[in-house]
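In the order they appear, the protein sequences are chains H and C.
Mapping to the numbering used here: the first sequence position 19 is 19, numbers consecutive.
For the numbering used here, count along the second sequence from 1 and bump the result up by 260.
Protein chains: 2
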Amino acid sequence: MTRPYLLLSNDDGVNAPGLQFLIQALRPMADLLVVAPDGPRSGFSCSITSTQPLRYREVSSEPGLSVYACTGTPVDCVKLALNVLAERRPDMVIGGINHGDNASVNAHYSGTMGVATEGALQGLPAVAFSLCDFSPKADFTPLGPYLPRLVQQALDLHMQPFTCLNINFPLCSRFNGIRVCRMAKSRWEKEVEMCQHPFGPKYFWLVGECRELEPEAPDTDRWALAHGYVAITPVNLDVTHYGLKDALQGWSEDSPAAGQ
Amino acid sequence: MTRPYLLLSNDDGVNAPGLQFLIQALRPMADLLVVAPDGPRSGFSCSITSTQPLRYREVSSEPGLSVYACTGTPVDCVKLALNVLAERRPDMVIGGINHGDNASVNAHYSGTMGVATEGALQGLPAVAFSLCDFSPKADFTPLGPYLPRLVQQALDLHMQPFTCLNINFPLCSRFNGIRVCRMAKSRWEKEVEMCQHPFGPKYFWLVGECRELEPEAPDTDRWALAHGYVAITPVNLDVTHYGLKDALQGWSEDSPAAGQ
Chain H
1 MTRPYLLLSN DDGVNAPGLQ FLIQALRPMA DLLVVAPDGP RSGFSCSITS
51 TQPLRYREVS SEPGLSVYAC TGTPVDCVKL ALNVLAERRP DMVIGGINHG
101 DNASVNAHYS GTMGVATEGA LQGLPAVAFS LCDFSPKADF TPLGPYLPRL
151 VQQALDLHMQ PFTCLNINFP LCSRFNGIRV CRMAKSRWEK EVEMCQHPFG
201 PKYFWLVGEC RELEPEAPDT DRWALAHGYV AITPVNLDVT HYGLKDALQG
251 WSEDSPAAGQ
Chain C
261 MTRPYLLLSN DDGVNAPGLQ FLIQALRPMA DLLVVAPDGP RSGFSCSITS
311 TQPLRYREVS SEPGLSVYAC TGTPVDCVKL ALNVLAERRP DMVIGGINHG
361 DNASVNAHYS GTMGVATEGA LQGLPAVAFS LCDFSPKADF TPLGPYLPRL
411 VQQALDLHMQ PFTCLNINFP LCSRFNGIRV CRMAKSRWEK EVEMCQHPFG
461 PKYFWLVGEC RELEPEAPDT DRWALAHGYV AITPVNLDVT HYGLKDALQG
511 WSEDSPAAGQ
């Protein structure tokens, strides 16, 4: 039986401990192609690079593990991997492990989710892993037994195109279990902090507080994480709001001369 | 009655003709706050700037119209506007008019959609406008009568939070009408073109061809645009795949010691 061939990327950069931990956790079960940004790309979402050329360099190569650093965004890494660097079509695209959670609305800004999204848009099974700890020294050890098992479950699932899994791990040394969730509704507030350069004009840093809009709802990723559970949120890349689509059918119209 | 107060941004930059056309089309009906990137940010999706400070400058100010240029991404512009520059909470956030379509999967990469997404995540009604013409000299004239009417309809709709409209205009001098659509499934292929620097290593440009996966389906945005219709795709920012969530409930589990 052929070993799975997995494409890994992230948004914290090729040297990030989260990615290195993921590589070590998955090596026993799969051949790995790693194409990751050459530095931090947090908050890069699904951005792509169109006005600059992309470059890559080989970081290391050994049987079953090839690692490349790319100048682009997380999504660029996936595109470069699939179009140029992959030996064959990967069995799955995996983003992470991110330093910091990508639950609730954070998924929209996340480059780690960008990796999984791009995999899913390319018709491949795709998963994003994140740990609720922004520290560069985050301890990924508790995730060790979960990673190969969840990847194997996701492989066995034969996920449909335009679908991926957003998997977040709580910050604790032992997890209370696993919950399959929906995305919690939350809102970032007080997001801009003004500073004054000693000799110049004002400048601003993006900061903020994330306010939960439904903290008591027990079916959300936020609730699961707050209660020590691994949160698995299935994501649909067909973002059509079908309910609103039906409600707005009265807006459809033909111009008087339509059909001519 | 108070005039509507609309926040406008884009991803082609503050000087882009598409944004300038939008400003002129909406001025008669609303007070406008324009906070747009100081240069092109196409394909920036929902990316945010966390490692660099943001700055802005006032481009112009007159009664009912204030224009600012920001060093950041489209989403940064919305955050800066809502937290620092807006006189009051806007009645709607509008992205565009983008030079180039944002239908089907392109919505995931689009900075114009990033603007609308950020508005919707902030609980505001939000709309993205795009024209299927990438040219800097694109002719926006046919959109003129549609823009204030669609914005008024969207205002009257009282859209729910986490919801926005992705509105694409076909490239033709007269539209056949309007269709409320779903997002078509398509896939980008042959996305990377290799080049060789005369004195250096290889480099790569993102290019590609977008292959339609369901070109005959008459309820998609792609079909509408191909047949001369304005395509309105309602978008849900709760990207939970509820069908898959139900199917995966067997993955939920409690660890032996859970609940202690």
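Just so you know, even glycine gets a beta-carbon here, dropped at the ideal spot from N, CA and C.
In this text, all values refer to a predicted model and were calculated from it rather than measured experimentally.
Leaving out the 5 sequence neighbours to the left and right, which residues in its chain are closer than 6 Å to residue i when beta-carbon positions are compared?
| i | result |
| --- | --- |
| C/L407 | A285 |
| H/A107 | M113, N166 |
| C/V490 | F429, F435, I438 |
| C/G360 | F394 |
| C/W448 | G468, C470 |
| C/S320 | V327 |
| C/G299 | G273 |
Tell me the DSSP secondary structure of residue i in three-state form.
| i | result |
| --- | --- |
| C/C432 | coil |
| H/M92 | strand |
| H/G177 | strand |
| C/K339 | helix |
| C/A276 | coil |
| C/N362 | coil |
| H/R27 | coil |
| C/R447 | strand |
| H/A138 | coil |
| H/P49 | In the sequence on display, residue 49 of chain H carries Thr and not Pro. Coil at H/T49, not helix or strand. |
| C/F389 | strand |
| C/D271 | coil |
| C/L415 | helix |
| C/L266 | strand |
| C/E378 | helix |
Less than 9 Å between the beta carbons of residue i and residue j, yes or no?
| i | j | result |
| --- | --- | --- |
| C/S310 | H/S47 | no |
| H/N176 | H/S130 | no |
| H/P136 | H/P17 | yes |
| C/L292 | C/G324 | yes |
| C/T500 | H/P218 | no |
| C/C470 | C/S364 | yes |
| H/T220 | C/L504 | no |
| H/P4 | H/M29 | yes |
| C/Y369 | H/V75 | yes |
| H/L237 | H/T141 | no |
| H/G119 | H/P37 | no |
| H/L213 | C/V440 | no |
| C/L267 | C/V344 | no |
| C/A486 | C/P475 | yes |
| C/I492 | H/W251 | yes |
What distance in whole Å lies between the Cβ atoms of residue j and residue i, which are believed to be in contact at a cut-off of 8 Å?
| i | j | result |
| --- | --- | --- |
| C/S269 | C/V375 | 5 Å |
| C/F304 | C/D272 | About 11 Å separates the two Cβ atoms, so there is no contact after all. |
| H/R55 | C/Y463 | 5 Å |
| H/R222 | H/S186 | 7 Å |
| C/A341 | C/V295 | 4 Å |
| H/R182 | C/Y502 | 7 Å |
Using the DSSP secondary-structure output, state which residues sit across from residue i in a beta bridge.
| i | result |
| --- | --- |
| H/A68 | Sequence inspection shows Tyr at residue 68 of chain H; the Ala mentioned does not correspond to that position. Paired residues: H/V35, H/E58. |
| H/M194 | H/F204 |
| C/D479 | Bridge partners of C/D479: none, in fact. |
| H/P234 | H/L165 |
| H/Y146 | According to DSSP, which records beta bridges pairwise, H/Y146 is partnered with nothing at all. |
| H/T342 | As shown, chain H starts at 1 and ends at 260. That puts residue 342 of chain H outside it, with no answer to give. |
| C/Y489 | C/G437 |
| H/E212 | H/S186 |
| H/D254 | C/G437 |
By Cβ distance below 7 Å, which residues in the same chain neighbour residue i in space, the five residues on each side in sequence not counted?
| i | result |
| --- | --- |
| C/E451 | L466, V467, G468 |
| C/E318 | Y328 |
| C/D506 | none |
| C/G488 | P430, C432, F435, N436 |
| H/A154 | M92, P125, V127, L165 |
| H/E193 | F204, W205, V207 |
| H/A86 | L7, L33 |
| H/P256 | none |
| H/D156 | none |
Residues in the same chain with beta-carbon distance under 8 Å from residue i, minus the five sequence neighbours each way, listed in chain order, please.
| i | result |
| --- | --- |
| C/L403 | F281, A285, I357, F389, L391, F429 |
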